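A short worksheet on the structure shown next.
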Amino acid sequence: MNNNFKKHINYVLDELKYPLLDINIQIPKQISHGDLTTNIAMLLAKELKLNPIEIANNIIKILKKHYSEYYQNISTAGPGFINVKLNKNIILELLKEIKDKNENYGKNKSGKGKNAIVEFVSANPTGPLTVAHGRGAIVGDTVSRILEWNGFNVDREYYFNNAGRQMRILGESVKSRYLNNCGIDNKFPENGYQGEYINDIAKSFQKKFKKDYVNEKSADVFKKYAEDKIFENIKNTLNTLGINFDNYFNEDDLYNNKDIDKTILDLDNKGLIYKKDNATWFAGTKVDRPVDRVLIKSTGEPTYRLPDMAYHRTKFERSYDKIIDIFGADHMDAYPDIMAAMNQLEYDIDKMKVLIHQFVTITENNKPIKMSTRKANFTTLQELCDEVSPEVVRYFFVMRNINSHLNFELEIAKDQSDANPIFYLQYAHARICTMLRKALDLDLKIDNDKNLILLNEDIENDLMNTMTNFPNIIKKSYTKLDPQIISNYLEDLASKFHKYYSAFRVITENKKLTEARLYLIDSMRIIIKNGLNLLGIIEKEKM
RNA sequence: GCCCCGGUAGCUCAGCUGGAUAGAGCAACGCCCUUCUAAGGCGUAGGUCAUACGUUCGAAUCGUAUCCGGGGUACCA
Numbered sequence: 146m147n148n149n150f151k152k153h154i155n156y157v158l159d160e161l162k163y164p165l166l167d168i169n170i171q172i173p174k175q176i177s178h179g180d181l182t183t184n185i186a187m188l189l190a191k192e193l194k195l196n197p198i199e200i201a202n203n204i205i206k207i208l209k210k211h212y213s214e215y216y217q218n219i220s221t222a223g224p225g226f227i228n229v230k231l232n233k234n235i236i237l238e239l240l241k242e243i244k245d246k247n248e249n250y251g252k253n254k255s256g257k258g259k260n261a262i263v264e265f266v267s268a269n270p271t272g273p274l275t276v277a278h279g280r281g282a283i284v285g286d287t288v289s290r291i292l293e294w295n296g297f298n299v300d301r302e303y304y305f306n307n308a309g310r311q312m313r314i315l316g317e318s319v320k321s322r323y324l325n326n327c328g329i330d331n332k333f334p335e336n337g338y339q340g341e342y343i344n345d346i347a348k349s350f351q352k353k354f355k356k357d358y359v360n361e362k363s364a365d366v367f368k369k370y371a372e373d374k375i376f377e378n379i380k381n382t383l384n385t386l387g388i389n390f391d392n393y394f395n396e397d398d399l400y401n402n403k404d405i406d407k408t409i410l411d412l413d414n415k416g417l418i419y420k421k422d423n424a425t426w427f428a429g430t431k432v433d434r435p436v437d438r439v440l441i442k443s444t445g446e447p448t449y450r451l452p453d454m455a456y457h458r459t460k461f462e463r464s465y466d467k468i469i470d471i472f473g474a475d476h477m478d479a480y481p482d483i484m485a486a487m488n489q490l491e492y493d494i495d496k497m498k499v500l501i502h503q504f505v506t507i508t509e510n511n512k513p514i515k516m517s518t519r520k521a522n523f524t525t526l527q528e529l530c531d532e533v534s535p536e537v538v539r540y541f542f543v544m545r546n547i548n549s550h551l552n553f554e555l556e557i558a559k560d561q562s563d564a565n566p567i568f569y570l571q572y573a574h575a576r577i578c579t580m581l582r583k584a585l586d587l588d589l590k591i592d593n594d595k596n597l598i599l600l601n602e603d604i605e606n607d608l609m610n611t612m613t614n615f616p617n618i619i620k621k622s623y624t625k626l627d628p629q630i631i632s633n634y635l636e637d638l639a640s641k642f643h644k645y646y647s648a649f650r651v652i653t654e655n656k657k658l659t660e661a662r663l664y665l666i667d668s669m670r671i672i673i674k675n676g677l678n679l680l681g682i683i684e685k686e687k688m
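Be aware that the first sequence starts at 146, since it is given in our numbering, and climbs by one per residue.
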């Protein structure tokens with residue numbers, strides 16, 4: 146309905162020869178203010194230097210002339226708001242859409258025929274995923290789902306590097322533990338990975354190969370073995386959370402197919418490359434970046450920035466219409482250089498959007514747990530999923546704004562019964578299902594749309610307004626690329642439902658009213674289900 | 001130093017493309033289960049929206065400055 150109101154206002158502005166400003170439609174906080182409201186008259190007042198109330202009255206006059214069948218009431222209020230109350234039959238038509246579209250209700254086609262790539266997790270296979278990775282994983286997957294609901298074809302991509310120093314240390318760490326376990330004294334590598342999982346991998350290696358490799362000079366065998374084991378572990382964890390990648394992109398490919406060389410060459414042709422102190426530099430300062438950066442070290446090894454640039458190029462070359470990266474705050478510094486480079490290489494960087502999520506702090510009994518893959522003390526994402534359910538984990542990571550630090554109190558997350566909003570949503574869904582089951586037992590119809598006009602309580606009107614706003618919420622979560630919008634909406638909807646449930650009985654002696662209300666709550670069931678599914682959570686029919 | 005996030009009720013957070021009386025949950029206190037699931041609802045109490053100045057008819061929301069917390073600032077990823 147939002148959209149119709151917007152269209153109508155637009156038409157009126159045109160007829161009145163007012164400037165066509167961006168029209169902001171809202172659902173008023175107070176029911177008494179009507180179903181929809183706009184502040185357009187006040188915006189125009191500023192523009193035209195006229196009295197806002199007068200402008201509002203002019204708009205209302207034309208609105209009434211053309212569209213009176215849509216609105217029960219149109220009025221101006223306060224400093225110049227235009228409030229409308231919709232005609233009942235308009236709302237009811239919108240309500241019927243919910244059941245018609247069912248599991249597709251809320252989806253739109255704005256991204257139809259367009260391809261999006263979402264890169265997330267991208268953890269190198271040096272250890273199990275930590276809780277900190279979890280935030281990126283879940284935000285990335287949920288953003289992908291939001292894009293899909295808005296019609297995009299989405300590829301989820303995981304970028305990784307299985308070469309380089311960290312991986313070498315990983316191999317050496319496993320080798321050292323293996324030798325120890327075989328009774329051979331040796332020195333553990335400096336900065337080696339100390340986690341218990343290293344020893345687990347070493348033991349598994351020993352079980353498979355016995356003492357075959359005690360005289361092995363290189364650590365490569367161990368590295369490869371560890372990589373496979375760790376990737377298996379990572380994929381299992383992601384699978385637990387319902388996250389599946391379409392593509393794993395190996396950084397190594399960029400070397401093999403010469404993309405790295407080509408990127409340096411092309412940047413050089415733009416005059417952005419120079420040599421200094423035996424290293425190859427990117428002249429960031431020429432393109433509004435604060436400092437120049439080394440792309441190839443004096444040792445001949447590239448820094449991470451270079452393959453990152455070459456990698457992002459492939460995303461543009463692969464013709465994606467939308468390119469989204471999910472990073473943790475610790476990677477903050479790299480991407481503006483990459484954007485600058487892409488811009489210089491004449492790619493349309495408006496297609497690219499980087500979402501930076503802030504840190505996750507894990508506390509246990511209010512004491513922070515330090516997390517480091519290299520040190521031993523960290524909580525893995527898998528452990529967390531095992532302690533609570535994966536669904537609780539998903540919800541926890543999405544219900545906070547990604548720009549805010551997330552305080553993950555283990556005690557609360559482990560406690561399934563308590564202050565956990567996910568149960569509030571599930572409970573609403575389950576309550577509806579119970580009523581529907583009872584209705585079926587009583588041979589009542591839940592699809593009878595003949596008596597919907599009887600839905601006349603304030604809270605019923607409020608519910609219908611909130612429910613039919615769901616498609617707009619999906620659009621908003623897309624324009625803002627913010628999963629939190631969905632969870633906030635669902636909590637609002639569930640709260641209204643629980644109030645309704647307490648205040649009114651659905652199944653009563655009055656059959657017509659009962660069937661109208663059943664129709665209403667079944668529609669609500671669909672929205673809660675769709676919203677939860679969008680967040681990767683399966684609805685519960687019983688609790 | 002510079003860059004990026006955040007600072008809203010005792011705690012955890014919504015609200016931030018300026019709008020009508022700043023909202024939830026938890027914790028506290030008091031009510032509501034003969035009636036579709038009390039994992040719920042209702043009520044009470046709790047606020048200098050970090051601070052100051054500015055823009056505006058109107059600022060939690062925008063701008064500038066300051067303070068506090070987190071992150072980044074490598075020829076590490």
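Backbone N, C-alpha and C fix where the C-beta goes; we use that ideal spot for every residue, glycine too. Here the structure is a predicted model, which means the values were calculated and not measured.
query                                                                                                                 : result
Sub-7 Å separation of I176 and D637 beta-carbons                                                                      : no
CB of H457 within 7 Å of CB of I483, strictly                                                                         : yes
Extent of the continuous beta strand (DSSP E) to which N601 belongs                                                   : From DSSP, N601 is part of no beta strand (DSSP E); its letter is neither H nor E.
Status (buried if at least 16 other CB within 10 Å, exposed otherwise) for H550                                       : exposed
CB contact flag (P334, S318, <7 Å)                                                                                    : yes
Three-state class that DSSP yields for T518 in the structure shown                                                    : Any reading at T518 must be qualified, since the residue scores a pLDDT of 49, below 50, and its modelled position is unreliable; no value is offered.
Proximity to K641 [Cα-Cα], best of A261, I236, N606, R434                                                             : N606
Identity of the residues DSSP links to H502 by a beta bridge                                                          : G473
Those residues which DSSP pairs with R438 across a bridge                                                             : F427
Reference Y128, options T525, L600, A277, F615, closest by Cα                                                         : Nothing can be reported for residue 128, as the shown portion of the chain is limited to 146 through 688.
Given 8 Å, three or more beta-carbon pairs between the stretch 262-281 and the stretch 291-301                        : yes
Unbroken alpha helix (DSSP H) run spanning K191, endpoints                                                            : 185-193
Cα-Cα separation, S647 to N395                                                                                        : 55 Å
Beta-carbon gap between A364 and K320 smaller than 7 Å                                                                : yes
Residues of its chain near H476, where Cβ-Cβ distance is below 8 Å and the 5 sequence neighbours each way are ignored : I501
Within 7 Å, strictly: CB atoms of T182 and N228                                                                       : yes
Reduced DSSP secondary structure (H/G/I, E/B, other) of Y100                                                          : Limits of the chain in this structure are 146 at one end and 688 at the other, which puts residue 100 out of reach.
Residues of its chain near E485, where Cβ-Cβ distance is below 8 Å and the 5 sequence neighbours each way are ignored : Strictly speaking, residue 485 in this sequence is Ala, with Glu absent from that position. The residues are G429, V432, D433, R434.
The stretch 656-675 in contact with the stretch 244-259 per 3-pair CB rule at 8 Å                                     : yes
L399 beta carbon less than 7 Å from that of P452                                                                      : yes
Cβ-based neighbour list, N344, same chain, cut-off 7 Å, excluding 5 preceding and 5 following                         : R322
Helix, strand or coil at G272 according to DSSP, with G and I counted as helix                                        : coil
Span separating the alpha-carbon of G337 from that of T271                                                            : 11 Å
L166 versus Y212 - alpha carbon distance                                                                              : 20 Å
Cα-Cα separation between F542 and G279, rounded to whole angstroms                                                    : 8 Å
Among E654, L665, L292, D422, nearest to Y645 - alpha-carbon criterion                                                : L665
T275 versus T611, Q527, T659, residue with shortest Cα-Cα distance                                                    : Q527
Proximity of T408 and A455 at Cβ, strictly below 7 Å                                                                  : yes
Beta-carbon gap between K685 and A575 smaller than 7 Å                                                                : yes
Straight-line Cα distance separating K496 from I468                                                                   : 6 Å
Helix, strand or coil at L165 [DSSP, three-state]                                                                     : coil
Distance, T382 Cα to T701 Cα                                                                                          : The chain is shown only over 146 to 688; residue 701 falls outside these bounds and no answer can be derived.
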